[in-house]
Amino acid sequence: MADYGFFELVEADGIATITLNRPPLNVLHIPMMTECNDLLATLLADSNLAALVFKAKHKAFCAGVDVADHTGDKMDEMIRQFHGIFRKLASTDVLTIAAVGRAALGGGCELATFCDIVLASDRAKFGQPEVQVGVLPPVAACVLAHQVGIKKAIELNTTGVTIDAAEAYRIGLVNQVFPAEEFEDRVDGYLAELKKLSCPVVRMAKRATSMVVREQVLAQLERVEQLYTDDLMKLSDAHEGIAAFMEKREPRWKNE
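Per our numbering: the sequence shown = residues 135 to 390.
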């Protein structure tokens, strides 16, 4: 097992498992995202890698991106590092799998549901609460409509509602839901079946299935980034929402 500051990495039998390890909630900040990009750049260059699995320790799969990194001169670097992760995941033929045992919220929900396959425990929760902090989820804006349909995607992204694993399964956001007490064993069993398959065939099957959506998502991400930085962040409500969250108070919206 390799040593990293915010992750644990295990590689075996053509599968790499990345475990998020920043207690208590695995909140992503710029150093953690930078490390993730470096890790992915190395792993995804391996043509013998069939699958990449994201897991997590602690109280949540991931509670999102650090709100403090949405402020001032940190924002551009935050977006560059955060979206760099998704550009790498979107461009790879490696099968990506998220094993979500608990809450995946905001950027954590984007990380989990951007993966090709999502395995959830029945205690997992999913949501994009960014609007409640005065911003929007760019990655979810690009992918959710492909995954759950436009109406449900708009509802999730514009209301910030959190849904449980059963509802996430019903709408097609996750592939499998396992009982929490069996979760690790069931995930291991799922991966054991994957290990029986041909690595190059798995990679080519993913490429064939996802190439059109991959192109659409990467193109849309550029447009949504521009909307986020050039339009959204000029709203006073965006800055008020972030400030209110950091000051632990209710936002005072101006609707401007």
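Just so you know, even glycine gets a beta-carbon here, dropped at the ideal spot from N, CA and C. Here the structure is a predicted model, which is why all the values come from computation and not from measurement.
### Message
Taking the alpha carbon of Ala279 as the reference point, which residue from Val295, Cys249, Leu307, Arg257 has its own alpha carbon closest?
### Response
Nearest to Ala279 by alpha-carbon distance, out of Val295, Cys249, Leu307, Arg257, is Leu307.
#### Entry: C-beta contact flag for Gln310 and Leu355 at 7 Å
Judged by their CB atoms, Gln310 and Leu355 are not nearer to each other than the 7 Å cut-off.
#### Entry: Close beta carbons around Ala224, own chain, < 6 Å, minus the five adjacent residues each side
Taken in chain order, the residues that qualify are Arg348, Val351, Leu352.
### Query
Which of helix, strand or coil does DSSP assign to Ala353?
It is helical.
### Query
By how many angstroms is the C-alpha of Lys388 removed from the C-alpha of Cys170?
Taking the straight line from one Cα to the other gives about 37 Å.
### Task
Can you tell me which of Phe140, Glu289, Asp147 puts its alpha carbon nearest to the alpha carbon of Leu331?
It is Asp147.
### Query
How far does the beta strand (DSSP E) with Asp298 in it reach, from first residue to last?
Residues 296 to 298.
### Message
In chain order, what are the residue ranges of uninterrupted beta strand (DSSP E) at least 3 long that sit wholly in the segment 257 to 310?
### Response
Taken in chain order, the unbroken stretches of beta strand (DSSP E) that lie wholly in the segment 257 to 310 and span 3 residues or more are 259 to 261, 296 to 298.
### Query
How many whole angstroms separate the CB atoms of Leu229 and Val295, which I take to be in contact at a CB cut-off of 8 Å?
Not really, about 29 Å apart at Cβ, beyond 8 Å.
### Query
Buried or exposed: which applies to Lys340, given that a residue is buried once 16 or more other Cβ atoms fall within 10 Å of its Cβ?
Lys340 counts as buried, since no fewer than 16 other beta carbons sit within 10 angstroms of its beta carbon.
### Task
For my contact list, Ala194 and Gly242 are in at a C-beta cut-off of 8 Å; report their separation, rounded to the angstrom.
Ala194 to Gly242, Cβ: 7 Å. Contact.
### Query
What's the gap between the Cα of Phe379 and the Cα of Met212?
When rounded, the distance between both Cα atoms is 18 Å.
### Query
Under a Cβ-count criterion, where at least 16 other Cβ atoms within 10 Å of its own Cβ denotes burial, should Ser181 be classed as buried or exposed?
Exposed is the call here.
### Query
If you draw a straight line from the C-alpha of Ala190 to the C-alpha of Ile305, how long is it?
When rounded, the separation of the alpha-carbon atoms in Ala190 and Ile305 is 24 Å.
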